[in-house]
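Enquirer: Following this message is one structure expressed as structure tokens.
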Amino acid sequence: MAPKDSGKSANGSKQDAASCGKGPEEKKKAHDADDAAPEVELKSRVEDFRRLTERFVADPCIMRPSDMKGEARRRHVRETILEDHALRIAQQAVGARAKFERLAKSRFAFFRGTSLLFHRDMLGEDARMPTVLVLGDVHPENFGVMPNADNAPIFGVNDFDDVIYGPFTWDLKRGTTGFLLAAEEESDLSKKHRIKVARRFIEGYHEGIAFYARHGVEASQQIRQDNAPKVIRKLFEEAQTSRKDWLWDRYLAENGLGFRVNHELTPVSSRVEEFQAYIDQLAKGAGIKDVGRSGSMKVKDVCLRHGQGTASLGLARYYVLLEGPSANATDDLIVEFKRARPSALEGLVPPNDFDAGGEGDRIAHGQAVHLANGDVFYGAVEIDGASFMSRERAPFREDIDLDDLSKKGWKRYAHACGQALAQAHARSDDAGQLDYRIEPHILEAMQPLELFIDDMLCFAREAVDRLDRDHAYYRRDLELGAFTNTMKAYR
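When you line the sequence shown up against the numbering used here, it's residues 386 to 876, in that order.
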């Protein structure tokens, strides 16, 4: 944050509402650093916000970023986005500019791509609520069809980049806001019906938690094509593509020995031996045998994947082609390695007794907890000194097309997503670190239910209003070149 930015703190002192005061020793160190160089790159403010979170939990009268207005809020939005994308900007990543332009095109894209901004407004919130392994970035497009350990398609939460232990309400607030906003941007539903859609998401979650509290089957139950709601069954049908067609239509070169070259794929075949070591490490850690559909686990080729994702656009991503058991380029496997980043909720959730781990390990832990018998290729490795998470790409990975949903379809889809999130949370005491049954405590915390639902909807409406203003600030700053360079502090 620039040295002269200021806002009113709760005690009336002139300091930025989103930063913490430094002690004498810290100020001396900062001064010494200034003496050493005429300029320094501004570092991550995760620890600053962690201290502010702890102060807010102890004293809720402290001001938070959500309380900022006008120009102070505009600068907070700008500086948070710059901080979140500092690595991509510094490396002049091709995807960074593409992401910034994508965020400007719609408020829903902005919402998806600025999780850090959203969650900093929530810092320290709901400290009294039951703790689960939260997904972190819940919205309508972070649910979908994916492979399980047996290579069968299942439906559930599918983005674990921001998982962390925190209050269960954080996921509900993010998800409710996401459904309210997506229904406004991606449909012609009236305001009344958009609220009904968001409400069905919360109701689906409550029904799911109540079901798992009664039956305790969250450890093994999966949403498959045979037991999925009708609106989800259509997703399974759309995902039915043969692996051979998928490979040849999208990835393989003419000879079938490696990746093709296009605007999305850049082969780096010289790194095959290096990535073979990563695959061997992954297979050993996950207990994957070189039998069955895994074939010999031999790496055929490696490529860089460009232009994928919204929040992660611009971060390094590799695809690794593995020889299939038939060795004729009809059943090869593709394993993705994506650069892991700290959770956007790090330092913002109220302090608790649980630790999901660091970066890639944390993401792998999230997938193992949230999905019953999930993708065996989920894991973590270190590449070029950085943490990467891994997962299998599959022909039947499929997300919902929100444009195709009818009025009833929106409500049914929101309800199904609420139930899927409930299962993910309920597994926090089965595969996660919780040492007591969490479902009864969540049900109790949601009472009286109508009041709880109203609280979630009121939060979401307020968050959408704030996002409207933030998006306008962002678009103005983007036009003025605000996101070209990283922030520096000068002597």
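Where a beta carbon is used, it is the ideal one built from N, C-alpha and C, also for glycine.
Please read these numbers as outputs of a predicted model, since none were measured by experiment.
(1) Out of 780, 753, 545, 610, which one is the CA nearest neighbour of residue 603?
(2) So what's residue 492 in DSSP terms, helix, strand or just coil?
(3) Taking the straight line between their C-alpha atoms, what separation do you get for residue 735 and residue 712?
(4) Got a sec? Which residues, its chain only, sit under 6 angstroms from residue 779 by beta carbon, not counting five neighbours each side?
(5) Does the stretch 588–602 come within contact of the stretch 794–814, defined as at least 3 CB pairs closer than 8 angstroms?
(6) In terms of residues, what are the limits of the alpha helix (DSSP H) holding residue 604?
(7) Are there 16 or more other CB atoms within 10 angstroms of the CB of residue 499, so buried, or fewer, so exposed?
(8) Look up residue 742 in the DSSP assignment and say whether it is helix, strand or coil.
(9) Which residues share a DSSP beta bridge with residue 784?
(10) Applying the criterion that 16 or more other CB atoms from any shown protein chain within 10 Å of the CB defines a buried residue, is residue 446 buried or exposed?
(11) Since residue 437 is in the alpha helix (DSSP H), which residue starts that stretch and which ends it?
(12) Rounded to whole angstroms, what's the CA-CA distance from residue 836 to residue 588? Just pull it up for me.
(13) Can you tell me where the alpha helix (DSSP H) with residue 841 in it begins and where it stops?
(14) Rounded to the nearest angstrom, what separates residue 859 and residue 568 at their Cα positions?
(15) Just to check my reading of the structure: residue 540 and residue 805 have Cβ atoms closer than 8 angstroms, yes? What is that Cβ distance to the nearest angstrom?
(16) Does the count of Cβ pairs from the stretch 549–568 and the stretch 621–639 closer than 8 angstroms reach three?
(17) Between residue 870 and the rest of its own chain, which residues show a CB-CB distance below 8 angstroms, the 5 nearest in sequence each way excluded?
(18) Can you give the beta carbon distance from residue 730 to residue 549, rounded, assuming they're within the 8 angstroms contact cut?
(19) How many angstroms separate the CA atom of residue 649 from the CA atom of residue 839?
(20) With a 10 Å radius around its C-beta and 16 neighbouring C-beta atoms as the bar for buried, classify residue 538 as buried or exposed.
(21) Where do the N-terminal and C-terminal ends of the alpha helix (DSSP H) with residue 665 fall, by residue?
(22) Quick one: using the 10 Å Cβ neighbour count with 16 as the cut-off for buried, is residue 876 buried or exposed?
(23) Can at least three beta-carbon pairs, one atom from the stretch 479–491 and one from the stretch 768–787, be found at a separation below 8 angstroms?
(24) Using a 10 Å radius around the Cβ and a threshold of 16 neighbouring Cβ atoms, would you call residue 877 buried or exposed?
(25) Considering only DSSP beta bridges, list what residue 535 is partnered with.
(26) Per DSSP, what are the beta-bridge partners of residue 774 in this structure?
(27) Output needed for residue 429: all residues of its chain with C-beta closer than 7 angstroms, excluding positions within five of it in sequence on either side, in chain order.
(28) Buried or exposed: residue 486, going by 16 or more other Cβ atoms within 10 Å of its Cβ?
(29) Mind checking who residue 516 pairs with in its DSSP beta bridge?
(30) Which residues does DSSP list as the beta-bridge partners of residue 686?
Expert: Concretely, from the data shown:
(1) Counting from 1 along the sequence shown, the entry for residue 603 is found at position 218. In terms of Cα proximity to residue 603, the closest of 780, 753, 545, 610 is 753.
(2) Indexing the sequence shown from 1 puts residue 492 at position 107. Residue state, collapsed to three classes: helix.
(3) The sequence position of residue 735 within the sequence shown is 350, counting from 1. The sequence position of residue 712 within the sequence shown is 327, counting from 1. So the alpha carbons of these two residues sit roughly 51 angstroms apart.
(4) Counting from one through the sequence shown, the residue named residue 779 turns up at place 394. Result list for residue 779: 532, in chain order.
(5) Put simply, the stretch 588–602 touches the stretch 794–814. At least three CB pairs are less than 8 angstroms apart.
(6) Counting from one through the sequence shown, the residue named residue 604 turns up at place 219. Neither: residue 604 is in no alpha helix (DSSP H) and is coded neither H nor E.
(7) Against the sequence shown, residue 499 aligns to sequence position 114. Buried, since its Cβ has 16 or more Cβ neighbours within 10 Å.
(8) Here residue 742 refers to the residue found at position 357 when the sequence shown is read from its first residue. Coil at residue 742, not helix or strand.
(9) Position 399 of the sequence shown, counted from the first residue, corresponds to residue 784. According to DSSP, which records beta bridges pairwise, residue 784 is partnered with 529.
(10) For this step, residue 446 is matched to residue 61 along the sequence shown. Taking a 10 Å sphere around the C-beta of residue 446, we find fewer than 16 other C-beta atoms and assign the residue as exposed.
(11) By one-based count along the sequence shown, residue 437 stands at place 52. In the DSSP assignment, residue 437 falls within the unbroken alpha helix (DSSP H) covering 431–443.
(12) Stepping through the sequence shown from its first residue, residue 836 is reached at position 451. Stepping through the sequence shown from its first residue, residue 588 is reached at position 203. Our two residues, residue 836 and residue 588, have alpha carbons roughly 12 angstroms apart in a direct line.
(13) On the sequence shown, residue 841 is found 456 positions in, with the first residue counted as 1. Where residue 841 is concerned, the enclosing alpha helix (DSSP H) stretches over 834–864.
(14) Taking the sequence shown and counting its residues from 1, the one referred to as residue 859 is at position 474. Taking the sequence shown and counting its residues from 1, the one referred to as residue 568 is at position 183. If I take the Cα positions, the gap works out to 22 angstroms.
(15) Residue mapping note: residue 540 aligns to position 155 of the sequence shown, counting from 1. Residue mapping note: residue 805 aligns to position 420 of the sequence shown, counting from 1. For a cut-off of 8 angstroms, the C-beta gap from residue 540 to residue 805 is around 7 angstroms, short enough to register as a contact.
(16) The way I'd put it, the stretch 549–568 doesn't touch the stretch 621–639; fewer than three beta-carbon pairs between them come closer than 8 angstroms.
(17) Here residue 870 refers to the residue found at position 485 of the sequence shown. Within the same chain, and ignoring the five residues on either side of residue 870 in sequence, the residues whose Cβ sits closer than 8 angstroms to its Cβ are 474.
(18) Translated into the one-based positions of the sequence shown, residue 730 becomes position 345. Translated into the one-based positions of the sequence shown, residue 549 becomes position 164. With a Cβ gap of about 5 angstroms, residue 730 and residue 549 count as contacting.
(19) Position 264 of the sequence shown holds residue 649. Position 454 of the sequence shown holds residue 839. Rounded to whole angstroms, residue 649 to residue 839 spans 44 angstroms at the Cα level.
(20) On the sequence shown, position 153 is the one that residue 538 refers to. Burial call: buried.
(21) Position 280 of the sequence shown, counting from 1, holds the residue named residue 665. For residue 665, the enclosing alpha helix (DSSP H) has its first and last residue at 657–671.
(22) By 1-based counting over the sequence shown, the position of residue 876 is 491. Flag for residue 876 reads exposed.
(23) Fewer than three beta-carbon pairs drawn from the stretch 479–491 and the stretch 768–787 are found closer than 8 angstroms, and the two stretches are therefore not classed as touching.
(24) Past the edges of the chain, shown from 386 to 876, lies residue 877, and the structure says nothing about it.
(25) Numbered from its first residue, the sequence shown carries residue 535 at position 150. In the DSSP output, where bridge partners are listed per residue, residue 535 has none listed.
(26) Walking along the sequence shown from the start, residue 774 turns up at place 389. Beta-bridge pairing links residue 774 to 723, 765.
(27) Residue numbering aside, residue 429 sits at position 44 when the sequence shown is read from its first letter. If we look at residue 429 and ignore the five residues flanking it on each side, its Cβ neighbours are 468.
(28) Taking the first residue of the sequence shown as position 1, residue 486 is located at position 101. With fewer than 16 Cβ atoms within 10 Å of its Cβ, residue 486 is classed as exposed.
(29) Position 131 of the sequence shown, counting from 1, holds the residue named residue 516. The partner list for residue 516 (beta bridge, DSSP) reads 552.
(30) Mapped onto the sequence shown, residue 686 falls at position 301. Paired residues: 706.
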